[in-house]
Every structure is written in C-alpha cells, then in structure tokens.
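Numbering (the numbering used here), first residue to last: 6 to 173.
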Amino acid sequence: MLHQIEEVVISPETVLDWQKDQYQHDMRNHFDIISLHKQDRLKHYSMHMAKYAGRVARGCREPKPIERTFVDALLVCLSAANTLHQRLIYEPRRSNETFLARLTDASGRFNDACEKIDHLEPFLDQANESNQDIFDCLLDLASERGVDPECELYTRRKELAERHFYIR
C-alpha cells in the first residue's frame with residue numbers, strides 16, 4: 006500500500022541519501038549482482054527496466070500492482086545510478102505523455118545504451134540520460150499520486166531484506 010503525502014519535494018541531498026542507502030542494501034542483499042562486472046550489472050538493470058515497462062503495459066492484466074512496480078523500478082534506478090557513478094537529481098518534468106510512454110521510452114534507451122557496450126560503442130552518456138529520465142518519470146508519478154517515495158523505499162527494502170533472514 007502506498008503511503009500518501011500532499012506534495013513530493015525531494016532535495017538533492019535526500020536523493021544522495023537514497024543512493025547511499027541503496028548501496029548498503031545492495032551490498033547486504035544483492036551481492037550476487039553487485040559483484041558482477043559493471044557492464045553486466047548495467048545489462049541486468051536494463052532487463053529489470055524492460056520487465057517493469059512490460060508490467061505497466063499489461064495494465065489491469067498485470068497481477069503486480071503499479072505501486073509495487075513503482076518502488077521496484079525506483080530501487081533499480083538507484084542501483085543503476087550507483088553503478089554509473091551518477092548523481093541523480095530530481096527535476097519535475099511535466100509532460101503530456103503517459104507514464105507508460107515515458108517509462109517505455111526511457112527504458113528502451115537504457116537498453117539501447119547497454120546493448121552498445123557489446124559493440125564497443127559509446128554508451129555512457131545515453132545510459133546516464135535515460136536513467137535520469139526513468140528517475141524523473143517515477144518521481145513525477147509519485148508526485149501525481151501523492152506518494153511518499155522515501156517511505157516506499159524503506160518499506161520495500163525491509164521486505165527484501167527479510168528474504169535473507171540468515172544475514173545479520
């Protein structure tokens with residue numbers, strides 16, 4: 006269930022804290038991914054983003070609610086930013102495009118950037134730009150729906166950490 010607030014205002018310092026928290030979470034709970042080569046990690050994250058775009062595209066046929074997709078995509082976006090050494094900064098972008106169109110476009114560009122790795126083509130600028138666009142898209146959705154992203158991140162990380170009950 007989404008925790009609602011009136012307006013989403015997110016400072017650059019808050020976003021940086023989210024990225025730091027995500028790094029700690031990934032080190033503890035996703036070491037299998039964090040230990041991959043950076044290029045392989047980026048490809049892994051691009052597959053996640055394609056999966057999330059598919060969930061949104063399925064609409065009411067998708068068993069996972071949009072709220073779950075929102076927070077999962079936000080977690081992956083933060084992980085990708087850490088892999089890219091990218092400092093995310095939220096800038097609201099009002100758009101007439103739907104959430105689905107924005108997420109699919111940005112995720113497709115992120116996938117394209119990751120595919121360029123195998124061809125030794127320049128990819129970093131495109132990866133950074135598309136990941137930033139995914140981040141902005143997600144937080145714009147949170148703002149439209151009055152969702153508290155920080156609370157959602159905390160709650161989901163806690164759920165994911167409980168899967169690894171044997172790690173203290």
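Glycine included, every Cβ here is placed at the ideal spot set by N, Cα and C.
Computed from a predicted structure; not experimentally measured.
For residue i, the three-state DSSP class (helix, strand or coil)
i: valine 20; result: helix
i: leucine 158; result: helix
i: valine 152; result: strand
i: glutamine 91; result: coil
i: leucine 80; result: helix
i: leucine 15; result: For the record, residue 15 in the displayed sequence is isoleucine; it is not leucine. Coil.
i: leucine 185; result: This structure gives no information on residue 185, because the portion of the chain shown stretches from 6 to 173.
i: leucine 146; result: helix
i: lysine 163; result: helix
i: arginine 98; result: coil
i: lysine 69; result: coil
i: leucine 105; result: helix
i: phenylalanine 128; result: coil
i: histidine 35; result: coil
i: arginine 63; result: helix
For residue j and residue i, the rounded distance between their alpha carbons
i: serine 40; j: arginine 33; result: 11 Å
i: phenylalanine 104; j: alanine 62; result: 10 Å
i: aspartate 26; j: lysine 163; result: 12 Å
i: histidine 49; j: aspartate 138; result: 18 Å
i: arginine 114; j: serine 135; result: 6 Å
i: glutamate 72; j: cysteine 119; result: 26 Å
i: leucine 21; j: histidine 124; result: 32 Å
i: serine 148; j: proline 97; result: 9 Å
i: aspartate 37; j: tyrosine 95; result: 29 Å
i: threonine 19; j: histidine 42; result: 28 Å
i: lysine 121; j: isoleucine 15; result: 32 Å
Residue from the options with nearest C-alpha to residue i
i: leucine 158; options: Val76, Glu18, Lys56, Phe36; result: Val76
i: histidine 35; options: Ser84, His90, Lys56, Ala55; result: Ser84
i: alanine 55; options: Tyr28, Ala78, Gly64, Asp45; result: Ala78
i: leucine 108; options: Thr88, Ser51, His90; result: Ser51
i: valine 81; options: Tyr28, Ser16, Asp117; result: Tyr28
i: phenylalanine 140; options: Gly64, Leu93, Arg46, Glu18; result: Leu93
i: aspartate 110; options: Tyr57, Arg46, Arg168; result: Tyr57
Taking contact to mean at least 3 C-beta pairs separated by less than 8 Å, is the region 115–134 in contact with the region 66–74? no
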